[in-house]
Each structure stands twice: as C-alpha cells, then as structure tokens.
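Below: the structure, in structure tokens.
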Amino acid sequence: MKLEKLEKDTYYHVYNRGINGGVIFKNQENKRYFLELANKYLSKKVVILAYCLMDNHYHMAIRTLADEKSITQAFSNLFNAYAKAFNKREGRTGSLFEKHFKRIPINDEDYLRNLIVYIHLNPQNHGVSKDFSTFGFSSYHLFKSNNQEEVLKVNKKETLALFEDVKNMEYVHYKKLGKSIELSDLQGVENLAGLAKGKASNMNQISESEENKNAPRGVVDEGDLPVGLNSTRERQPGKQVATNKEGQGESDLQGVENLAGLAKGKASNMNQISESEENKNTPRGVVDEGDLQGVVNEGDLPVGLNKSVTRDKFYKYIQELQETITKRLEDVDGKAKFQEDLWKRPEGGGGRTRVIENGAVLEKGGVNISAVHGALPESMQNYFGVKDADFFACGLSLVLHPKSPMVPTVHANWRYFEMYDKTGQIVDQWFGGGQDLTPYYLFDEDASHFHSVCKKACDAHHPEFHAKFKKKCDDYFWNTHRNEARGVGGLFFDYCKADESMNMNDWYNFVTEVGNSFLEAYVPIVIKRKNLEYSQSQKDWQEIRRGRYVEFNLVHDKGTLFGLRTNGRIESILMSLPPQVQWRYDHHPEPDSEEERLLKVLAQPKNWIA
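So the sequence shown is numbered by this note's numbering: it starts at 104 and just counts up by one.
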C-alpha cells in the first residue's frame, strides 16, 4: 500500500495493526498505557477527533498541526515506546506493529463524519462488545459525559461540530448501526481485525440486518426524524442533523449547502459548486454560509411532484421580498441601482441575482433569490442516508457592505427545503434563516434597535425564540482564533420542522415575519448614520475590521472551508466578501478609543435589550 504524504492542517484516517495480525493489546492496562503515550507524543502535533483501540489494531481520525517530518517522528516515538514496554512485559522481541502506519487523507465532510461513526462502531461490528457505547477504549464514551477521564485528549468541540451536538451524534451512530454504511471513501483499507464474526469482511461495508434489508430508503416513520437514515430507534429531543425544530447552530449544511449553485452534474461534495461550461463566467451574486440565491419563473416549478402549499407560498414570498428590499435599498442609496442577472440550472430551477456596487451608501451588496429542484445530489443523499430522493429548495440571501464605516454591514437569509420519495410525496421539509449585524463603530442604540426588532418578530410566535436564536447566532458567528464575535449578532435558526407545538404553517408565519422585519431592523440605522462625517483613519479601521469578516468566512465557516479544500468554485465562495480590506501586522487600537470599545464588546456577547 502506497503511503500518503502527511500535509499540515489536513484530516487523516490513521490506522495500523499488529504484525501478521497479531495481538498488540492484551489487556486494559496495555490500552491505557498506549493512550497515555499517544497523549504524550501526539498532543502538539495532531488534533484527535476520534479513536478506538481493538485487540490487534487501532483507528484514529486526526487533523495535522505540524509538518510531515514532525508528525512521522511523533508517531514513531509513540510506537517505539509502546512496543519496547510491551515486549519487555511479554518477554518477546522483534517488531510489534506492521512497518508503516496507514494514513488516508480526508477532503470531504461526509467522509469524515462517516469515518468517526465507523471508528466508534468498531467494537460492536467486530463482535467484541454488545454495545459500542459502553466500550471503554474508544472516544465515544467521552462525549456522553463531561466527567469521563480523558487519558488521550480529544477535541470534542471540533468533532461535535460535525454532528451539531451530543444528542444528534448519538442519533447518527445508532442510525448507522446495523445498516449498510457505504464507506466508498475507505476503499483499500484492509480488514485489520480479521474477527468479523458474521459482519462485513472488509472495512468498506457493514452488512444490513435481514429485517431491514428491503426497507425503503427515502421514507421515514412518524417518529423517525432525520430523513432516510432508516432506523426505528426513537429520537430524543434536541438538535438533529436535519430535523431540529429551532435550528442547529453551527450548521454545516445550513439548509442544504449552496444547492442553488449546483449546475450541470452533481457537486463533488456538499460544499462544492459545479457549474456548466456555458455559465462558468456568469455572476452568481452573493453567497454566504451556504445561503440559497436567485429565483425562477413562476411556471418553472418541480414537475410531477405533489402540490405543496408551503412551497408555493414561500416561493412567491421571497420573490416579493426581493422586490421590496431592493427597491427600498435603491431609495436609501440614491445613486446606484441593482444589476439583475437571471440564470438557469439545467437540472431544474434557477436564480435571480441582484448586485449593487459603488453606490453613495452601498459599496457592494447582493440580494439574491433562487428556486432549484431535481434529483438530490449524491453527496447530499449520502449525508441524509437516502436513495433516489428528489428535492426542492428556495430562499433569499443578502449581504450588504456600506461605504461609510459608521454604517454596519448586514447579512440575512431565509430559506425552505423539501425532500421527496420516488412517488413525489414529501418525506421531509424545513425552514431556516436569520439576520446579523456587523458594526465598525458601535452605537449602542443601533444594536439595541436591531435586536429589539428581531425580538418583536420572535415574541409574536414564541416567548423563548429570541433568546434561543440569539444564542445560536452568537455561537456560530464567533472568530475563535481571534476570540471575538464577528459582529453584535442577531438571529440564527435552521431545520425548523413541524412538531406538536409548531406546524409548517406556523413556521412559515415565523420565518416570513422575521424576513419582513429586516428593513425595519436595518434601514433606520443606515439613514441615521450614512451622512456622518468620517476620517481616513476611520475608513482604515473599517477595512481592518472587514478583514475579520473575511477571516471568519475563510477560516471558520464550515461550508467555505470544505469548499476551498475540495476545489470549490472560488468566485462563488468569495462573492460575499467586501471589496476593500486591510490586514495590519499586530494592530491594536488606541486605549480608551471607540475602536477599543468595540473590541471589548465583541469579546463578550451581550444582551442589547434592557
């Protein structure tokens, strides 16, 4: 097996076994010692996302922090130290592990998520444990309780971000258990254990139980929440990959990543936009965190699908909202006009992009709507665990970068998604969206106004919505490497689905009320601040802070990050970025200045409503 090169800041599946398949861990003491050594030698070289120690092999999911030489040396030190101690205790000589540890690079989020699940299910799938969740030498138990001793430090936050929370992580693991896990991305990985006991004989397939072998892939039971994962295990309340009634926070899909941007052929993963040759130079408008964009003619709706009142209502709503917002913004700007770009998606649907540039108020911005439909891309089918599913997705996305540093940047989106089985029946549907404010000079009354309007829209539907969705917004738009928020927040919600308290019409009313509140929340701030005088140094500060906006999108936004790592369409990924940006080395504002006051507020999200 040819060894892959280890590159810095890359995800890998690392694994190995005993020489000739021999036992490398004879007891729990051996396994614990190996974990202690791994923590000692690897902690500064790699991030551990998941691990499992079996009697004759191990698996790890890692992200590299150092160069190949340093990482290889760290693993070599680990294996040599453990083998030396093991041989001494067992009175043996010679090699313990196979010569080289295997490593497979991971450049797809589905692959990484499935790999972590596979690693955790290893003990049960090999018949070593009746319940994988109780196996003491995999990382799974560390996520079940904060009181668990961590012999080998696992970056639980980074791992959980792939599943959104512990409840959802548990759900996905049990959904995969006993089902067919198509890990085509693990092809070439040999059966390390050789202990299958009736399970799959290699690592690319875990056999499905007879009772479920013929179960339909795209249809769910009433209590079966994430579509197409096909388990009758009851889901506990909480966030879910595709079912959360109130939003899943750091959503890696954000209402199905950039489905509007899919063109000829399917995306190679959920973050990558594939575009037809004839349209590759067509402006796509502003794209932000997986928002949808554009819209199609009224007659261009999914053919052969059952009538969906919610779909048709929301589709019409976003068309009207785009008209309302762009007209109002043109009036406020007084100089520039939105340029319209209509585009078609060969598989079904299309978009209406509207971009404004070089205005009196707006330096750059886009207000874009879309309605796209067709066969669910393979990458999305793998994510949801469905086969031969169709979809419809529509939404409005906007990002506005004002010219004046006294006027804040704003981002908003509102979207709707449906999934269908082979007969055209809806098997899943949800809403998502939000709006957030990024000021450069902080006027407390502006932040209070923005949040008050958001709260009023939320309170009309549920007294807990504002606090809940504000927190999700604060959590998501957080620049961890700077330890500060991108802005002063707002609302963030996703996967809003029907339940006992909110039916789909209730969610429609909520999302449209939030959408209708946007102009009330933002325009008064623009009008109040657009004519304020500002200096060149204040303009410089705006561009420095825009740099932090860029950093968030390129460093922390999950859709952007995976899109870049998997050769996504660069123009589409970067369209939401501001036109002028600065980075100054080790820049710090003057003490007790307005610039410093902003940073202090961004370091600790606050309640803006008295």
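Every residue gets a Cβ at the ideal spot worked out from N, C-alpha and C, and that includes glycine.
In this text, all values refer to a predicted model and were calculated from it rather than measured experimentally.
| request: Can you tell me which of the three DSSP states residue 495 falls into? | output: Counting from 1 along the sequence shown, the entry for residue 495 is found at position 392. Reduced to three states, the DSSP call for residue 495 is strand.
| query | Residues bridged to residue 479 by DSSP? | reply | Position 376 of the sequence shown, counted from the first residue, corresponds to residue 479. Residue 479 is not bridged to any residue.
| request: Taking residue 528 as the reference, give the member of 231, 123, 153, 411 with the closest Cα. | output: Walking along the sequence shown from the start, residue 528 turns up at place 425. The residue with the shortest Cα to Cα distance from residue 528 is 411.
| query | Looking at C-alpha atoms only, which residue of 153, 650, 703 is the closest neighbour of residue 688? | reply | For the purposes of this step, residue 688 is taken as the residue at position 585 of the sequence shown. Comparing Cα-Cα distances from residue 688 to each of 153, 650, 703, the minimum goes to 650.
| Pick from 174, 155, 495 that is closest to residue 414, judged by C-alpha positions | As a position in the sequence shown, residue 414 is number 311, starting the count at 1. The option with the nearest alpha carbon to residue 414 is 495.
| query | Per DSSP, which one or two residues make a beta bridge with residue 456? | reply | As a working mapping, residue 456 is identified with position 353 in the sequence shown. DSSP, once it has assigned bridges, lists 444 as partnering residue 456.
| task | Return the chain-ordered ranges of every alpha helix (DSSP H) run that is complete within the segment 544-609 and spans a minimum of 4 residues. | result | 547-562, 568-579
| query | On the three-state DSSP scale, how would you describe residue 526? | reply | Taking the first residue of the sequence shown as position 1, residue 526 is located at position 423. Looking at residue 526 - three-state DSSP - the assignment turns out to be coil, as it is neither helix nor strand.
| CB-CB length for residue 155 against residue 203, believed under 8 Å | Within the sequence shown, residue 155 is the residue found at index 52, counting from 1. Within the sequence shown, residue 203 is the residue found at index 100, counting from 1. The distance from the Cβ of residue 155 to that of residue 203 is about 20 Å, inconsistent with a contact at the 8 Å cut-off.
| request: Determine the extent of the beta strand (DSSP E) in which residue 150 is found, giving its start and end residues. | output: Here the question's residue 150 lines up with position 47 in the sequence shown. 149-156 is the span of the beta strand (DSSP E), which, as asked, contains residue 150.
| residue 618 - DSSP class collapsed to helix/strand/coil | Position 515 of the sequence shown, counted from the first residue, corresponds to residue 618. Residue 618 falls in the helix class under three-state DSSP.
| request: Keeping to the same chain, check which residues put their C-beta closer than 8 Å to that of residue 136; ignore five residues upstream and five downstream. | output: The residue given as residue 136 occupies position 33 in the sequence shown. Closer than 8 Å at the Cβ level, and outside the excluded window around residue 136, lie 185, 188.
| Looking at the unbroken beta strand (DSSP E) that takes in residue 117, where does it start and where does it end? | By 1-based counting over the sequence shown, the position of residue 117 is 14. Where residue 117 is concerned, the enclosing beta strand (DSSP E) stretches over 114-120.
| field | Beta-carbon spacing of residue 579, residue 497 below 8 Å | value | Here residue 579 refers to the residue found at position 476 when the sequence shown is read from its first residue. Here residue 497 refers to the residue found at position 394 when the sequence shown is read from its first residue. Their beta carbons are not under 8 Å apart, which means residue 579 does not touch residue 497 by this criterion.
| request: Taking only the alpha-carbon atoms, compute the straight-line gap between residue 217 and residue 112 and give it to the nearest angstrom. | output: As a working note, residue 217 is residue 114 in the sequence shown. As a working note, residue 112 is residue 9 in the sequence shown. Rounded to the nearest angstrom, the gap between the Cα atoms of residue 217 and residue 112 is 20 Å.
| request: Compute the Euclidean distance between the alpha carbons of residue 96 and residue 657, then round it to the nearest angstrom. | output: What the structure shows of the chain is the stretch from 104 to 713, and residue 96 is not part of that stretch, so it cannot be assessed.
| Closest by CA to residue 683, which one among 227, 108, 237, 643? | For the purposes of this step, residue 683 is taken as residue 580 along the sequence shown, with counting starting at 1. Comparing Cα positions, the closest option is 643.
| query | What are the residues that DSSP puts in a beta bridge with residue 517? | reply | Stepping through the sequence shown from its first residue, residue 517 is reached at position 414. 499, 536, per the DSSP bridge assignment.
| message | Considering just the uninterrupted stretch of the alpha helix (DSSP H) at residue 678, what are its terminal residues? | response | Residue 678 sits at position 575 when you count from the first residue of the sequence shown. Note, residue 678: premise wrong, no alpha helix (DSSP H); not H, not E.
| query | Can you give the Cα-Cα distance for residue 629 and residue 708, rounded to whole angstroms? | reply | Locating residue 629 in the sequence shown gives position 526, counting from the first residue. Locating residue 708 in the sequence shown gives position 605, counting from the first residue. When rounded, the distance between both Cα atoms is 23 Å.
| query | Out of curiosity, what's the CA-to-CA distance linking residue 423 and residue 489? | reply | Against the sequence shown, residue 423 aligns to sequence position 320. Against the sequence shown, residue 489 aligns to sequence position 386. One alpha carbon belongs to residue 423, the other to residue 489, and they sit about 34 Å apart.
| Do residue 521 and residue 702 have their CB atoms nearer than 8 Å? | Here the question's residue 521 lines up with position 418 in the sequence shown. Here the question's residue 702 lines up with position 599 in the sequence shown. Result no, Cβ atoms of residue 521 and residue 702 do not sit closer than 8 Å.
| message | Need the endpoints of the beta strand (DSSP E) that residue 163 sits in, please. | response | Taking the first residue of the sequence shown as position 1, residue 163 is located at position 60. Start and end: 160-167.
| Got a sec? Which residues, its chain only, sit under 8 Å from residue 436 by beta carbon, not counting five neighbours each side? | Within the sequence shown, the letter at position 333 stands for residue 436. Contacts found: 459, 462, 463, 464, 465.
| Looking at the structure shown, is residue 327 part of a helix, part of a strand, or coil, going by DSSP? | Locating residue 327 in the sequence shown gives position 224, where the first residue counts as 1. Model confidence at residue 327 stands at a pLDDT of 27, short of 50, so the residue's coordinates are unreliable and nothing is read from them.
| Excluding the five sequence neighbours on either side, which residues of its own chain have a C-beta within less than 6 Å of the C-beta of residue 265, listed in chain order? | Locating residue 265 in the sequence shown gives position 162, where the first residue counts as 1. Cβ neighbours of residue 265 beyond the five flanking positions: 216.
| From residue 108 to residue 262, what does the alpha carbon distance come to, in whole angstroms? | Your numbering for residue 108 matches position 5 in the sequence shown. Your numbering for residue 262 matches position 159 in the sequence shown. Cα to Cα, the separation comes out at about 23 Å.
| task | Using three-state DSSP, classify residue 634 as helix, strand or coil. | result | Your numbering for residue 634 matches position 531 in the sequence shown. In the displayed model, residue 634 falls within coil according to three-state DSSP, outside both helix and strand.
| field | the segment 511-520 in contact with the segment 477-484 per 3-pair CB rule at 8 Å | value | No, because fewer than three Cβ pairs between the segment 511-520 and the segment 477-484 fall closer than 8 Å, the two stretches do not touch.
| What three-state label does DSSP hand residue 650 in the structure shown? | As a working mapping, residue 650 is identified with position 547 in the sequence shown. DSSP places residue 650 in helix when its eight states are reduced to three.
| Taking DSSP as the reference, what is the three-state secondary structure of residue 687? | Locating residue 687 in the sequence shown gives position 584, where the first residue counts as 1. Of the three classes helix, strand and coil, the one that applies to residue 687 here is coil, per DSSP.
| field | Buried or exposed by the 16-neighbour rule on C-beta atoms within 10 Å, applied to residue 130 | value | For the purposes of this step, residue 130 is identified with residue 27 of the sequence shown, where counting begins at 1. By the neighbour-count rule (16 or more Cβ atoms within 10 Å), residue 130 is not buried but exposed.
| request: Could you tell me the distance, in whole angstroms, from the CA atom of residue 128 to the CA atom of residue 487? | output: Start at 1 with the first residue of the sequence shown, and residue 128 comes out as number 25. Start at 1 with the first residue of the sequence shown, and residue 487 comes out as number 384. Going by the C-alpha atoms only, they are around 36 Å apart.
| When the distance is taken between beta carbons, is residue 141 closer than 8 Å to residue 255? | In the sequence shown, residue 255 corresponds to position 152, counting from 1. In the sequence shown, residue 141 corresponds to position 38, counting from 1. In this structure, residue 141 lies closer than 8 Å to residue 255 by Cβ.
| task | Would you decide whether residue 608 is buried or exposed? Buried here means 16 or more other CB atoms lie within 10 Å of its CB. | result | Reading the sequence shown from its first residue, position 505 is the one you call residue 608. Exposed, because fewer than 16 other Cβ atoms sit within 10 Å of the Cβ of residue 608.
| task | Can you grab the Cα-Cα spacing for the pair residue 114 / residue 164, in whole Å? | result | On the sequence shown, residue 114 is found 11 positions in, with the first residue counted as 1. On the sequence shown, residue 164 is found 61 positions in, with the first residue counted as 1. Answer to the nearest angstrom: the Cα atoms are 7 Å apart.
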